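Chains as they are written, first to last, in the working numbering: chain F, 1 to 515; chain V, 516 to 846; chain R, 847 to 1207. Just so it is clear, CB atoms sit at the ideal spot from N, CA and C, and this is done for glycine as well. Since this is a predicted model, take the numbers as computed values, not measurements.
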C-alpha cells in the first residue's frame, strides 16, 4: 500500500561545532506503526529526535509531515504538527498532581476546570490501558508513573506522533511490559510511535521496523520480522575497529578488591545494584560495560564510600599489611585512614571531581589538603604537581592559576586523571574517562591506564565504546539493570557477545514463555 | 468584654498593614522571588500616598476636599510609587539576574530612606512645629466606616467597624488565594516558582509571570503602608513610625506557609501579639514585659519555620526555586 | 526575541581587569545619577555637590576619623559575614548577632563596673560578646545542618528577637523616663576602649585592619578556609573528598557569629559606650552588600566599605548644607548599590546577536 508516511526525514544533518551529530539521515514512519531507532550511546539518536520535536533546528535537510514539507522551529511548532516527545529526564513539577502537570501551559481551553481535565485524563488512560490516579502528587509517584504522566501529557495535547527517548531505561521488566502493551494499543489506534533505544530484545519485541544509526550516520532500516538480534547488533556496532591500544599481559595478579552481593536502592526506591559480585585484580584492567544507567555510577560510588548499600561487602586486600578491610558504608576519609589508596575519576568531572572555579593548584589539593600539621594549606607541593601534570600530560592552559572551568573538556580530564594517578593508588577507578575527548587525549588516557596496570594497580574502567573496552581491558564485567550478566575475557570476546549481555534482562529470561 | 472587643478591633487594625504586606510577598515568593525589599516598598507606598494627599489638601484646602478624590489620589500615587519599586526589583533580579537578597536589602535601604527623606521634606514644607505631617481631613475620608456598624452591638463592632481598606486587604487575600489555587494563571505561576525550567518547557513565559506577579505583589504591599499612615496612624506621618512592620509581614509569609487565605488570621494574630502587652499584665512584671511580648511574633514564626522543615511535608515548603535566578541555558 | 540573546560566560570569562572596569564604570554612572538627583533636589551645580561630598568625608580631622570609624565598623561586620557567604549560607542575621554581642558588652560594663582592671575588663567584654554573637549565629546553623531549615528566613527572625531582647534590657535599666541607657561608666571609663595618642577610634581601626588581614589569610591559606570554599562551590565535591558538610556549616557560623559579636563589642566599647536598638544601625544588612560587592575578598572589602561609607558621609554633608533630610544618604547609597548589582550581569553574561534569526530571514 503506497500510503503517505506520517513523518519523513530527508538528508538531515546537524553539527555542533566540529562534531557531526547527524549526517544525511533519512527516516520514515507510518501511521499505526512502531518504529525503533537503534544505536549505541552517542550515535545521534536523541539529537535526531530533538530536531523533530523542535528543540534543535537542522543545518540541512527536510522534514515532511503527511507528505507536506514543514519547518519545526520550536516545541510549539512541533505540537502544532501533533508531534510529542517524552524525554528521558522528566519535566514535571513535583508538588503538583498529575492533572495539574498535564494541563500546565495549556491555554484557551475554556474554563479552568481540573475535575473535567481529570476526567479527560482518566478517559485517555482507560482508552490505552494506563494505570494512573490523576490526583496523585508527582513526589508520591514511581518513575514509571511519572513516565505515564509524561506520555498522557503528550496525548492530552492531541499528539499523533509520539517519540519516546529510552523509555525503558528506568523501568522494571514488569513496568516495561505494561508500557509495551499500552504502546500496542496506541498503535492500534493509528498513532505513530518512535522509540529510541539500544536494547535489542525490546526492539524485537515491540517494533514493526528498525532504523539503525551509528556514529551519527544512517545505516539502514529493516523490518523487524525479517531480521534477528545478531544482524541488528552487527548493524549497530559495525565492523570491529582495530584500535592501536597496546595491551600487555597481566603479571603477578592477586585479588585486590572482592565485591560480593552488593544491593543498593536509589532515592526513588529502584534497585540500582542487584546482587553484584566480582573481583578486581592487581595488575589488570577490569572493564565495566553496560548501557547508560545500569548501575555503573552507583557501583563505583559504593566502592568509593559515597553510596550507602543495603547489603553486600567490599573486601580490600591490603598489599602491604596483607590484611583484609571491608569498605562497605565507610566514608571516603575512613577508607583513606584504613590505608586504602583508592583513586576515583568520577563521571561528573566539574561537578564532583574538580571545583570549576578553583585553579589547577587548588584542585590538586582537593584530596590532600589536610596534609601537614599546621592549620595552613601547603600549596608548594600541589603547585609542583600541577606544573608536572601540565607538562607530562600536555595540558593546554594559560597557567596553573587558571580556573579549571575555563579549560577544554580534554584538558579538564587530564588534570583530574593526573591528580588521581599522582596519589599512587592501589585501586584506580575511572568512569567514562574519555567521554567528550578527542582521539589524541583519549589515547593519552588509555596509555595512562595501561601504565597504572603495569605498575600493579587494580584498574576499574567504566566505558561505553565496546571497541575500546575490548581492546583495552583484560576482563569485562557486563551490567544490565544493576545485575551482572556476565564476566568475559576481553581477549576472547566479541562485540556481539558483550552487546547481547548488555541488553540481556532477567525479566525476559524468566518470562520468556509469555507472549 | 468591652476590653476584649476593643482588643480584637485593635488587633485587626494592626493586622491589616501586615496582611497587605504578606499577601504581596506571598505572591512574589510564589513566582520564585524572595523580595526582601518589601519593608522598603511599604515605606514608599505610604509616603507616595502621603505626598499625593499632601499636595491635594494643599491645593484645595483641607476643608474643601472632595472625599472621593481625597481617597483616590493617595491610592493612585501610592500604587505608582510601589510599582516603580517593583519594577526596579524586577529589572535587577529577573532581567539582570542579580542576587535577590542583595537587591532586596538595597531596595529596603533605598525605600526606607526615600520614605523618611520625603517625609522629612514635607514636614519642613508644611512648617509644622511637630516632627510629623498631619492629614486629618484625608484620613477622615479613609476612615469612613459603615454607618450601622456601631448600632449592631458587639458583632457589628467586630465585623463592620473597619474602614474600607481593611476589607480591601481581606478581599485581595481571598482573591489571591483563589487565583493561586483555582485558576490556570495560578497554576502557571506556581509552576514558575517551583520549577521554571518545566514551566518554560510547557510554553509559559517565565519572565512575564515573574514581572507581573512581583509588581502586583509590590503594589499590594504598598497599600499596606498607605493603610498604616492614613487609617491606623490617623493621617499622621512621622519618620520611622512604620517601624519593622515590613519584616513582620515577611515573617507572616512563613507562618501562613505561603497561603494568602491563611495570612488573614495570621495577620490578625500577629497584630494581636504586637499589642497584647497593652492588655495583659502579669503580676511582678513591669512595663518591660511589653518588649518580651513584642518578641512573640518572631518566635512563633521561627517555631513554624522549624516545624515545617522538620516535617518535610512538601506542600508546606517554600517554593522550590525561591531565591534562584532562572536562566535558560543555550545549547 | 529582538534579535539578541543572552549567553552565560563560563569558558570565556572576562579577564579580571575588564570586570573591574565594568564595576568602576557602573559606580561612575551611579554617581552621575546620584548627582543628577541631588541637583534636581537642591538646584546646586554638580561640581559643588561633589566637593561638598568630599568635604563631608575628608573636610576636617574629626570628619576623617568619623569616616575611618564608619569604615572600620562596617568592615568588621562584613568580615564577619563573609565566611558564611563564601559557603553559600545566607546569613542575614549579622544585625542580631552583633547586637547580642553589644548587649553582652554593655551588660559587663553595667554589672562588673570597675571591679576589674580595665585591660581585664576589656578582655572579659570581648570574650562574652563573641560568645553571645556565636550563640546567636550557631542556632540557625544547627537547624540548617540537621533539618535544612531555610537560613535566610531563620536569621532574619533572629535579628528581631535580638532587638526585642535589647529593648527589654533597655526598659529595665533605662535612666529615668528617658527610655535610653545613658553612657555607661562615664566617669571611670571602665570598659572603654583606650584612646591611643588622643585618637579615640584608632584602636578600633587597628583591630579591624588586623582582623581583615587574618580573615584574608584564613580564607585563602588555611585548611578550614579551603573547606569553606569547596562546600560553597559544590557540596558534591565536598562529599567526594570526604568533607563533613554539616560540621563545616556549624563551625563556620560559629566563626561568623564570633566576629559579629566582636563588632558589637567594638561598637559599644569603642564608640557608643552604651546600648540601644540602633547600636548596629543596619550595618548587618549593609555588610552583606559590602561582602558581596567585594566578591567575598576581605581586602577588597576595605574598598567597598570605604565606597559606601564615603557616599553616606558625603551625602549627609550635602543634605545638611542644603537643609535636606538626613535620609538623603540612604537614597544615594541605594542608587549606587543598584548600579553595582546591575553591572554584574554584564560581567557574567554576554549579549549576542541572534545569528540564527539573521540567517533565516
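I'd like to know if residue 112/F contacts chain V, where contact means its C-beta is closer than 7 Å to some C-beta of that chain.
The residue labelled residue 112/F in the question sits at position 112 within the first chain. Under the 7 Å criterion on CB atoms, residue 112/F is classed as interfacial with respect to chain V.
Checking contacts by CB at 7 Å: is residue 1166/R closer than that to chain V?
Sequence index remark: in the third chain, residue 1166/R carries index 320 (1-based). Answer no: the Cβ-Cβ gap between residue 1166/R and chain V never drops below 7 Å.
For a cutoff of 7 Å on Cβ pairs, would you count residue 76/F as touching chain V?
Working through the first chain from its first residue, we reach residue 76/F at position 76. Taking Cβ atoms only, chain V reaches closer than 7 Å to residue 76/F, which makes this a yes.
Among 1034/R, 1128/R and 943/R, nearest to residue 963/R - alpha-carbon criterion
As a working mapping, residue 963/R is identified with position 117 in the third chain. A check of alpha carbon separations from residue 963/R across 1034/R, 1128/R and 943/R identifies 1034/R as the nearest.
Nonlocal neighbours in the same chain, by C-beta distance under 6 Å from residue 788/V, ignoring five residues either side:
Reading the second chain from its first residue, position 273 is the one you call residue 788/V. Answer for residue 788/V: 811 and 812, listed in chain order.
Name the chain F residues whose beta carbon is nearer than 7 Å to that of residue 717/V?
If you number the second chain from 1, residue 717/V lands on position 202. Going along chain F in sequence order, the residues near residue 717/V (Cβ under 7 Å) are 104 and 105.
Suppose contacts are defined by Cβ-Cβ distances below 7 Å. Is residue 54/F in contact with residue 45/F by that definition?
In the first chain, residue 54/F corresponds to position 54, counting from 1. In the first chain, residue 45/F corresponds to position 45, counting from 1. Not a contact, by the Cβ cut-off of 7 Å.
Supposed close pair residue 983/R, residue 1106/R - CB separation, criterion 8 Å
Here residue 983/R refers to the residue found at position 137 when the third chain is read from its first residue. Here residue 1106/R refers to the residue found at position 260 when the third chain is read from its first residue. Yes, residue 983/R and residue 1106/R are in contact; Cβ-Cβ is about 6 Å, under 8 Å.
Do we get a CB-CB distance below 7 Å when we pair residue 474/V with the residues of chain F?
Missing from the structure shown is residue 474/V; chain V here goes from 516 to 846 and no further.
Tell whether a beta-carbon distance below 7 Å holds between residue 328/F and residue 309/F.
By one-based count along the first chain, residue 328/F stands at place 328. By one-based count along the first chain, residue 309/F stands at place 309. Residue 328/F is a Cβ neighbour of residue 309/F, given a cutoff of 7 Å.
Residues in the segment 822 to 833 of chain V having any Cβ partner in chain R nearer than 7 Å
From the segment 822 to 833 of chain V, only 824, 825 and 833 have a Cβ closer than 7 Å to chain R.
Closer than 7 Å, CB to CB, is residue 387/F near chain V or not?
Position 387 of the first chain holds residue 387/F. For residue 387/F, the answer is no, since every Cβ of chain V falls outside 7 Å of its Cβ.
C-beta neighbour in chain F for residue 845/V, strict 7 Å
One-based indexing of the second chain puts residue 845/V at position 330. Interpretation of residue 845/V is limited by its pLDDT of 45, a score under 50 that renders its predicted location unreliable; the figure taken from the coordinates is listed afterwards. Taking 7 Å as the threshold, the shortest C-beta distance from residue 845/V to chain F does not fall below it.
What runs of the beta strand (DSSP E), each 3 residues or longer, lie entirely inside the segment 23 to 105 of chain F?
Complete beta strand (DSSP E) runs here, min 3: 33 to 38, 60 to 65, 68 to 70 and 83 to 86.
Which of helix, strand or coil does DSSP assign to residue 1068/R?
As a first step, residue 1068/R is located in the third chain; it is residue number 222 there, counting from the start. Assignment of residue 1068/R by DSSP, reduced to helix, strand and coil, places it in the strand class.
What residues are listed by DSSP as bridge partners for residue 541/F?
With chain F represented from 1 up to 515, any question about residue 541/F goes unanswered, as that position is not in the structure.
Cβ-Cβ distance between residue 458/F and residue 320/F below 7 Å
What you label residue 458/F is simply residue 458 of the first chain in a count that begins at 1. What you label residue 320/F is simply residue 320 of the first chain in a count that begins at 1. The answer is no: Cβ separation not under 7 Å.
Can you list, in chain order, the residues of the segment 332 to 344 of chain F whose Cβ is nearer than 9 Å to any Cβ on chain R?
Listed in sequence order: 332, 333, 334, 335, 336 and 344.
For residue 554/V and residue 627/V, believed in contact at Cβ under 8 Å, the rounded distance:
Reading the second chain from its first residue, position 112 is the one you call residue 627/V. Reading the second chain from its first residue, position 39 is the one you call residue 554/V. Contact between residue 627/V and residue 554/V holds: their C-beta atoms lie close to 7 Å from each other, under 8 Å.
By a C-beta neighbour count over all protein chains shown, 10 Å radius and 16 as the cutoff for buried, is residue 825/V buried or exposed?
The count along the second chain starts at 1 and reaches residue 825/V at position 310. So residue 825/V ends up on the exposed side.
Buried versus exposed call for residue 1134/R [16 or more other C-beta atoms within 10 Å across all chains shown]:
Here the question's residue 1134/R lines up with position 288 in the third chain. By the 10 Å Cβ count, residue 1134/R comes out buried.
Answer yes if the segment 523 to 540 of chain V comes into contact with the segment 761 to 772 of chain V, meaning at least three C-beta pairs across the two stretches below 8 Å, and no otherwise.
Result yes; three or more Cβ-Cβ pairs closer than 8 Å.
CB contact below 7 Å: residue 86/F versus chain V:
Sequence index remark: in the first chain, residue 86/F carries index 86 (1-based). Closer than 7 Å: no.
Sort 717/V, 713/V, 750/V and 691/V by Cα distance to residue 541/V and report the nearest one.
In the second chain, the residue the question calls residue 541/V occupies position 26. Restricting attention to 717/V, 713/V, 750/V and 691/V, the CA atom closest to the CA of residue 541/V is found in 691/V.
Identify whether residue 772/V lies in helix, strand or coil by the three-state DSSP scheme.
For the purposes of this step, residue 772/V is taken as the residue at position 257 of the second chain. It is coil, neither helix nor strand.
Starting from the C-beta of residue 1094/R, find all residues in its chain whose C-beta is less than 6 Å away, skip the five residues before and the five after it, and write them out in chain order.
The residue you call residue 1094/R lines up with position 248 of the third chain. Excluding sequence neighbours, residue 1094/R sits near 1073 and 1077.
For residue 19/F, is the classification buried or exposed, using 16 other Cβ atoms within 10 angstroms of its Cβ as the cut-off for buried?
Position 19 of the first chain, counting from 1, holds the residue named residue 19/F. Counting C-beta atoms within 10 angstroms of its own C-beta, residue 19/F has fewer than 16 neighbours from the protein chains shown and is therefore classed as exposed.
Which residue spans inside the segment 389 to 471 of chain F form an unbroken alpha helix (DSSP H) run of at least 4?
409 to 422 and 439 to 454, all fully within the segment 389 to 471 of chain F.
Take residue 254/F and list the residues in its own chain whose beta-carbon comes closer than 6 Å to its own, dropping the five residues that flank it on each side.
Your numbering for residue 254/F matches position 254 in the first chain. Hits under 6 Å: 282.
Contact check, residue 556/V vs residue 668/V, beta carbons under 7 Å
Translated into positions along the second chain, residue 556/V becomes position 41. Translated into positions along the second chain, residue 668/V becomes position 153. Going by C-beta atoms, residue 556/V is not nearer than 7 Å to residue 668/V.
To the nearest angstrom, report how far apart residue 847/R and residue 746/V are at their CA atoms.
In the third chain, the residue the question calls residue 847/R occupies position 1. In the second chain, the residue the question calls residue 746/V occupies position 231. Bear in mind that the predicted position of residue 847/R carries a pLDDT of just 41, short of 50, making it too unreliable to give a figure here.
Curious, which full-length alpha helix (DSSP H) runs of at least 4 residues does the segment 145 to 229 of chain F contain?
Complete alpha helix (DSSP H) runs here, min 4: 173 to 188 and 200 to 206.
Any beta carbon from chain A within less than 7 Å of residue 696/V's own beta carbon?
Checking the listed chains, one finds no chain A in this structure; the protein chains it contains are F, V and R.
Span of the beta strand (DSSP E), counted from its first residue to its last, around residue 835/V
In the second chain, the residue the question calls residue 835/V occupies position 320. Annotation: residue 835/V is outside any beta strand (DSSP E) and is labelled neither H nor E by DSSP.
Just to confirm my understanding: we take residue 96/F, look at its own chain, exclude 5 residues before and 5 after, and list those with CB closer than 8 Å. What are they?
Translated into the one-based positions of the first chain, residue 96/F becomes position 96. Cβ within range, chain order: 104, 137 and 138.
Is it true that the CB of residue 331/F sits closer than 7 Å to the CB of residue 1088/R?
Your numbering for residue 1088/R matches position 242 in the third chain. Your numbering for residue 331/F matches position 331 in the first chain. Cβ atoms of residue 1088/R and residue 331/F: closer than 7 Å.
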